[in-house]
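Undergrad: Let me give you the structure first, and then I'll get to my questions.
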Amino acid sequence: MNIDSIHNGVVIDHISAGRGMRLYELLGLGELDVSVAIIKNVVSKKMGKKDIIKIDADLPVDFDLIGYVDPGATVNIIRDGKLVEKLDIDMPERLVGVIKCKNPRCITSTEQELEHVFKLTDRKNKVYRCVYCETKAP
Amino acid sequence: MVRSLIDITDLSTEELEQLTNTALDIIEHPADYAHLCAGKKLATLFFEPSTRTRLSFEAAMYELGGNVLSVTDAASSSAAKGESVADTAKVISCYADIIAMRHPKEGAALVAAMNASIPVINAGDGGHCHPTQTLADLLTIRREKGRYSDLTVGLCGDLKFGRTVHSLINALARYENVRFVLISPEELKVPSYVKKEVLQKQGLSYVQTTDLEAAMPELDILYMTRVQRERFFNEEDYLRLKDSYILTPDKLRSAKKDLSILHPLPRVNEISVAIDSDPRACYFKQVSNGKYMRMALILKLLKEAGTL
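Shown next, in the form of structure tokens:
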């Protein structure tokens, strides 16, 4: 299966198979008026299977969000058809305004202007907790 | 941001020691502390009913020679008009020197602390944290046992929603050779995150059981808790679980002679009134210890804020 190379844009590679769609949704890529390709279950020597997202536009991407969904992913920045930057993604220590706390008892459920903030409490098990109520991130 | 107290883990082991020593000194020499907060104001903002905690804070401030501004009923306050916790904290900062706040929402005290220009003490944020209760528990343990280490601590009742239990585990986890016996019905066990992120992470010794009487002989401390109606979404679950453990003189027969029985109060029926006269009952002493620790805490935070 071939997907054309992009000229200027972003390729999110090495996404764990099955997480591509979630990343697509959380990054809000469905709302963009540019070409976006999700390639699922690509055969990978290193990973067995992986997902890839190609965005045909030079847009800023939210590294924190990618690091939260899949810290093993890499981000390739393409300009004039050439790879100009390859970035390894790490789990961010804090997630600000990326995901929402679902605990109905949390103060964020009533203080509408309050930014939702999560902190990494267990790197090994990839656990993030709301800084206000300590509920585990979904 | 000035120093506040939101969670018991905000305090280092040295600071816990310092607060304990100040509280013990207040007990010994109350006159030395009677005017230290003259001209200072504590605002007690209680958006959830709790007479005893509010009175404890107010008594603490009065015994330090300070004054108190009190909001006791959210229905009469601006919160009922839709004011945010953030705005309330900013407004009260203009009137008082320190805030003690209780709020039904988890994390409310942190939001207040992020917005206030004066220290905020969390007097309970929903089912989340209640650090000054833990300070009361710690001083009681120190006064009864003379130490925080080398103890077998039984925690009994609602270990799932009981915020005082989680805080006490967090506080005692830092001392040597403390062993926990977690006694609860299956449905109200300590949440797995407390086990994973506190007990197991720090390599602490603990056992879980449903049998209070079997655990009794080994305990140095028995911390009883109430099954709280307000933490349940479902009334049926509450009614089914509320009488899981009732401590009676019979059940104490196999207990150590120097056992200390603690309870954060209010009690409903989980400790029989017949136990009140037993010298091992410490729950009313815990109440006065809470006041002394709150005095020590108010002094510490006002000093750190440069107000004293």
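Residue numbers (the working numbering), protein chains in the order written: chain A, 9 to 146; chain B, 2 to 309.
Ideal placement from N, C-alpha and C gives every residue a C-beta, glycine not left out.
Being a predicted model, the structure only gives us computed values, none of them experimental.
What residue does the alpha helix (DSSP H) around residue 31 (chain A) start on, and which one ends it?
TA: Counting from 1 along the first sequence, the entry for residue 31 (chain A) is found at position 23. Residues 28-34.
Undergrad: Between the C-alpha atoms of residue 145 (chain A) and residue 135 (chain A), what's the straight-line distance to the nearest angstrom?
TA: By one-based count along the first sequence, residue 145 (chain A) stands at place 137. By one-based count along the first sequence, residue 135 (chain A) stands at place 127. About 7 Å.
Undergrad: Would residue 136 (chain A) count as contacting chain B if we go by Cβ distances under 8 Å?
TA: Locating residue 136 (chain A) in the first sequence gives position 128, where the first residue counts as 1. With 8 Å as the cut-off, residue 136 (chain A) does not count as an interface residue toward chain B.
Undergrad: Checking 8 Å against the spacing of the C-beta atoms, do residue 140 (chain B) and residue 293 (chain B) come in under that value?
TA: Along the second sequence, one-based indexing puts residue 140 (chain B) at 139. Along the second sequence, one-based indexing puts residue 293 (chain B) at 292. Contact: yes.
Undergrad: To the nearest whole angstrom, what separates the beta carbons of residue 66 (chain B) and residue 37 (chain B), a pair I think is in contact under 8 Å?
TA: Mapped onto the second sequence, residue 66 (chain B) falls at position 65. Mapped onto the second sequence, residue 37 (chain B) falls at position 36. Yes, they are in contact, since the Cβ atoms of residue 66 (chain B) and residue 37 (chain B) sit about 6 Å apart, within 8 Å.
Undergrad: Compare the beta carbon distance of residue 58 (chain A) and residue 22 (chain A) with 8 Å and say whether it is the shorter of the two.
TA: As a working mapping, residue 58 (chain A) is identified with position 50 in the first sequence. As a working mapping, residue 22 (chain A) is identified with position 14 in the first sequence. In contact: residue 58 (chain A) and residue 22 (chain A) (Cβ atoms closer than 8 Å).
Undergrad: Along the chain, where does the alpha helix (DSSP H) that runs through residue 311 (chain B) open and close?
TA: Because chain B spans 2 through 309 in this model, residue 311 (chain B) falls outside it and cannot be assessed.
Undergrad: Measuring only the C-alpha atoms, how far is residue 120 (chain B) from residue 172 (chain B)?
TA: Residue numbering aside, residue 120 (chain B) sits at position 119 when the second sequence is read from its first letter. Residue numbering aside, residue 172 (chain B) sits at position 171 when the second sequence is read from its first letter. Taking the straight line joining both Cα atoms gives about 21 Å.
Undergrad: What would DSSP say about residue 62 (chain B), mapped onto helix, strand or coil?
TA: Against the second sequence, residue 62 (chain B) aligns to sequence position 61. Note: residue 62 (chain B) maps to helix in three-state DSSP.
Undergrad: Determine which residues of the region 120-135 of chain A have a Cβ less than 9 Å from any Cβ of chain B, and write them out in chain order.
TA: Within the region 120-135 of chain A, the qualifying residues are 120, 121, 122, 129, 130, 133, 135.
Undergrad: Looking at the structure shown, is residue 153 (chain B) part of a helix, part of a strand, or coil, going by DSSP?
TA: As a working mapping, residue 153 (chain B) is identified with position 152 in the second sequence. Here residue 153 (chain B) sits in strand by DSSP.
Undergrad: Closest to residue 274 (chain B) by C-alpha separation, out of B:5, B:257, B:247, would be which residue?
TA: Sequence index remark: in the second sequence, residue 274 (chain B) carries index 273 (1-based). Of the candidates B:5, B:257, B:247, the one whose C-alpha sits nearest the C-alpha of residue 274 (chain B) is B:247.
Undergrad: Using Cβ-Cβ distances below 8 Å, what residues of the region 71-101 of chain B are close to chain A?
TA: Per Cβ criterion, the list reads 85, 86, 87.
Undergrad: Considering only C-alpha positions, which residue in the set B:27, B:42, B:7 is nearest to residue 309 (chain B)?
TA: Here residue 309 (chain B) refers to the residue found at position 308 of the second sequence. Comparing Cα-Cα distances from residue 309 (chain B) to each of B:27, B:42, B:7, the minimum goes to B:42.
Undergrad: For a quick check, are the C-beta atoms of residue 265 (chain B) and residue 226 (chain B) less than 8 Å apart?
TA: Position 264 of the second sequence, counted from the start, is the residue given in the question as residue 265 (chain B). Position 225 of the second sequence, counted from the start, is the residue given in the question as residue 226 (chain B). Contact flag set, yes.
Undergrad: Helix, strand or coil: how does DSSP classify residue 112 (chain B) here?
TA: Numbered from 1 along the second sequence, position 111 holds the residue referred to as residue 112 (chain B). Residue 112 (chain B) falls in the helix class under three-state DSSP.
Undergrad: Name the residues in the region 108-127 of chain B whose C-beta lies less than 8 Å from a C-beta of chain A; which are they?
TA: The residues in question are 108, 109, 111, 112, 126, 127.
Undergrad: Compare the Cα-Cα distances from residue 114 (chain A) to each of B:118, B:258, B:126, B:27 and report the closest residue.
TA: Against the first sequence, residue 114 (chain A) aligns to sequence position 106. If we check each option's Cα against that of residue 114 (chain A), B:126 comes out closest.
Undergrad: Spell out whether any CB of chain A is found under 8 Å from the CB atom of residue 106 (chain B).
TA: Along the second sequence, read from residue 1 onward, the residue named residue 106 (chain B) stands at position 105. For residue 106 (chain B), the answer is yes, since a Cβ of chain A falls inside 8 Å of its Cβ.
Undergrad: When you compare only the Cα positions, how much space is there between residue 46 (chain A) and residue 111 (chain A)?
TA: On the first sequence, residue 46 (chain A) is found 38 positions in, with the first residue counted as 1. On the first sequence, residue 111 (chain A) is found 103 positions in, with the first residue counted as 1. Taking the straight line from one Cα to the other gives about 32 Å.
Undergrad: Do residue 61 (chain B) and residue 295 (chain B) have their C-beta atoms closer together than 8 Å?
TA: Residue 61 (chain B) sits at position 60 when you count from the first residue of the second sequence. Residue 295 (chain B) sits at position 294 when you count from the first residue of the second sequence. Contact flag set, yes.
Undergrad: Name the two residues that bound the continuous beta strand (DSSP E) containing residue 224 (chain B).
TA: Indexing the second sequence from 1 puts residue 224 (chain B) at position 223. Counting along the chain, the beta strand (DSSP E) containing residue 224 (chain B) begins and ends at 222-225.
Undergrad: Would you list the residues sitting across from residue 209 (chain B) in a DSSP beta bridge?
TA: Translated into the one-based positions of the second sequence, residue 209 (chain B) becomes position 208. BP columns for residue 209 (chain B) point to B:183.
Undergrad: Any contact of the region 86-98 of chain A with the region 90-103 of chain B, i.e. 3+ C-beta pairs under 8 Å?
TA: The region 86-98 of chain A vs the region 90-103 of chain B: no contact.
Undergrad: Within the continuous beta strand (DSSP E) that includes residue 45 (chain A), where are the two ends?
TA: Position 37 of the first sequence, counted from the first residue, corresponds to residue 45 (chain A). Here the beta strand (DSSP E) through residue 45 (chain A) covers 44-52.
Undergrad: At least one CB of chain A closer than 8 Å to the CB of residue 187 (chain B): is that the case?
TA: Start at 1 with the first residue of the second sequence, and residue 187 (chain B) comes out as number 186. Chain A contact via Cβ: absent.
Undergrad: On the premise that residue 109 (chain A) lies in contact with residue 124 (chain A), defined as a C-beta separation below 8 Å, what is that separation, rounded to the nearest angstrom?
TA: Residue mapping note: residue 124 (chain A) aligns to position 116 of the first sequence, counting from 1. Residue mapping note: residue 109 (chain A) aligns to position 101 of the first sequence, counting from 1. Contact flag correct, Cβ pair sits at about 5 Å.
Undergrad: Between the region 163-177 of chain B and the region 4-24 of chain B, do at least 3 Cβ pairs fall closer than 8 Å?
TA: With the cut-off at 8 Å, the region 163-177 of chain B and the region 4-24 of chain B touch.
Undergrad: With a cut-off of 8 Å, does the C-beta of residue 144 (chain A) fall near any C-beta of chain B?
TA: As a first step, residue 144 (chain A) must be located in the first sequence, where it is residue number 136. At least one chain B Cβ lies under 8 Å of residue 144 (chain A).
Undergrad: Any idea what DSSP makes of residue 23 (chain B), helix, strand or coil?
TA: Position 22 of the second sequence holds residue 23 (chain B). In this structure, residue 23 (chain B) counts as helix in the three-state DSSP scheme.
Undergrad: Return the Cβ separation of residue 262 (chain B) and residue 213 (chain B) in integer angstroms, given the expectation that the two are a contact with Cβ distance under 8 Å.
TA: In the second sequence, residue 262 (chain B) corresponds to position 261, counting from 1. In the second sequence, residue 213 (chain B) corresponds to position 212, counting from 1. Their Cβ separation, rounded to whole angstroms, is 12 Å, which puts residue 262 (chain B) and residue 213 (chain B) out of contact at 8 Å.
Undergrad: Going by other Cβ atoms of all chains shown within 10 Å of its Cβ, with 16 needed for buried, is residue 2 (chain B) buried or exposed?
TA: Walking along the second sequence from the start, residue 2 (chain B) turns up at place 1. Exposed, by the Cβ-count rule.
Undergrad: Taking CB distances under 8 Å as the criterion, tell me whether residue 198 (chain B) reaches chain A.
TA: Here residue 198 (chain B) refers to the residue found at position 197 when the second sequence is read from its first residue. Cβ-Cβ to chain A under 8 Å: yes for residue 198 (chain B).
Undergrad: For residue 13 (chain B), which of helix, strand or coil comes out of DSSP?
TA: For the purposes of this step, residue 13 (chain B) is identified with residue 12 of the second sequence, where counting begins at 1. It is coil, neither helix nor strand.
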